[in-house]
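Mapping of the sequence shown onto the working numbering: residues 73 to 369, in sequence order.
Written below as structure tokens is the structure these notes are about.
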Amino acid sequence: MLRTSADKLKDHIHGRLLSRSEGPAWKNVLVHLLSHSGREEGLIVPAVAEPLLVSILSGSAVIEEREFSGEWQAARADVGDFYLTNSATPYEMRWTSTSAEPFRVMHVYLGLPLIEAAAAEVLSVGQDRLCLRDVSGGRDPLINHLLQLILSELTEVSEPSEIFVQGVAQALAVHLVRSYADADQPPRRRVALPAFKLRRVTDLMARGIAEAFSLEALAAEAGLSPFHFSRVFKQSTGYSPSEYFIRMRMAEARRLLRETDRGIIEIGLDVGYSSPSHFATVFRKAVGVTPSQYRDG
């Protein structure tokens with residue numbers, strides 16, 4: 073089951089959270105509306121157990137994706153396009169907005185019980201034998217219609233209907249299995265953290281971004297031993313927990329440098345570096361330029 077409390081997907085897929093699903097109507101369905109900055113670099117899309125649908129709601133952008141250390145693949149994303157991610161491995165993404173309109177998207181995670189039921193009915197197989205293919209910048213009128221129904225229920229109804237939400241989510245799961253099951257791919261053994269555990273961990277990282285890194289605290293949040301947690305976290309994100317924590321710090325530092333007038337020393341303190349020279353060294357290693365060069369453009 074996906075958690076329906078105040079999860080913060082934006083902590084690892086950066087963006088301003090506009091709205092999120094909460095309450096019993098959203099069992100096994102997690103929805104976030106996000107407004108993104110005009111430019112994003114080096115964003116890691118983690119591997120999670122649940123398929124992720126992303127719908128472009130406003131604006132447009134050139135979106136590039138790649139496997140780690142691979143070649144970037146670019147495509148234009150416009151309103152109505154969707155992305156389906158069901159990868160067993162994480163990948164990297166970046167984008168540049170090409171519109172004056174805000175670049176707003178909706179993220180929808182479907183819980184495994186929905187996918188399992190759809191796979192059993194449509195293909196007579198278990199979810200562990202199902203592989204959905206990844207889609208980048210696709211167009212599907214039915215997916216767009218079903219996601220619009222979810223969006224309306226999230227933003228226009230004060231008390232969302234559980235029957236309505238679950239019915240739309242079930243229809244969406246069935247359509248994904250019917251249209252995007254990949255018979256040519258072998259079944260994949262799921263080793264990634266479930267989405268709700270990954271969000272809990274990255275939420276804890278974000279709250280403590282100015283504090284010392286603690287592997288033990290993160291592992292406890294995920295309910296795992298430090299050794300097991302480190303292994304599955306890297307399988308989910310492509311980075312060790314400490315490396316990912318540094319990336320989160322640098323992402324926040326870049327945001328503060330872009331969007332505020334705070335001094336560089338203050339920003340270093342905001343993201344956990346008491347030594348300005350250490351902050352500058354880590355920033356340059358991660359971004360390729362010093363904090364002052366990044367701010368100057």
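Cβ coordinates follow ideal geometry from the N, Cα and C atoms, glycine included.
Element boundaries [alpha helix (DSSP H), containing residue i]
i, result
"residue 309", "298 to 309"
Span of the beta strand (DSSP E), counted from its first residue to its last, around residue i
i, result
"residue 163", "163 to 169"
"residue 114", "111 to 117"
"residue 101", "101 to 108"
"residue 126", "124 to 130"
"residue 265", "Residue 265 -> no beta strand (DSSP E), and no H or E assigned at all."
Secondary structure of residue i, DSSP reduced to three states
i, result
"residue 143", "coil"
"residue 137", "strand"
"residue 89", "strand"
"residue 294", "helix"
"residue 289", "helix"
"residue 253", "strand"
"residue 149", "strand"
"residue 76", "In this predicted model, residue 76 has a pLDDT of only 28, less than 50, meaning its place in the structure is not dependable; the value taken from the coordinates is given anyway. DSSP places residue 76 in coil when its eight states are reduced to three."
Beta-carbon proximity of residue i to residue j, cut-off 8 Å
i, j, result
"residue 179", "residue 106", "yes"
"residue 175", "residue 131", "yes"
"residue 143", "residue 166", "no"
"residue 232", "residue 100", "no"
"residue 128", "residue 152", "yes"
"residue 207", "residue 246", "no"
"residue 154", "residue 182", "no"
"residue 18", "residue 270", "Here the chain has residues from 73 to 369 only, and residue 18 is not among them."
"residue 329", "residue 356", "no"
"residue 308", "residue 265", "yes"
"residue 344", "residue 288", "no"
"residue 104", "residue 88", "no"
Own chain residues within Cβ distance below 8 Å of residue i, not counting five before or after
i, result
"residue 318", "354, 358"
"residue 312", "302, 305, 306"
Check: residue i C-beta below 7 Å from any heavy atom of the ligand GTP
i, result
"residue 360", "Here there are no bound small molecules, and the ligand GTP is not part of this structure."
7 Å Cβ shell around residue i - same chain, five flanking residues per side excluded
i, result
"residue 134", "146, 148, 167, 168, 170"
Contacting residues, own chain, Cβ-Cβ under 6 Å from residue i (five flanking each side not counted)
i, result
"residue 273", "290, 293, 294"
"residue 340", "348, 351"
Whole runs of the beta strand (DSSP E) within the region 173 to 230, excluding any shorter than 3 residues: Runs of beta strand (DSSP E) with 3 or more residues, each lying fully within the region 173 to 230, are found at 175 to 182, 207 to 210, listed in chain order.
Could you pull out every unbroken alpha helix (DSSP H) segment of at least 4 residues lying fully inside the region 299 to 366, listed in chain order? You should have 313 to 331, 336 to 342, 348 to 359.
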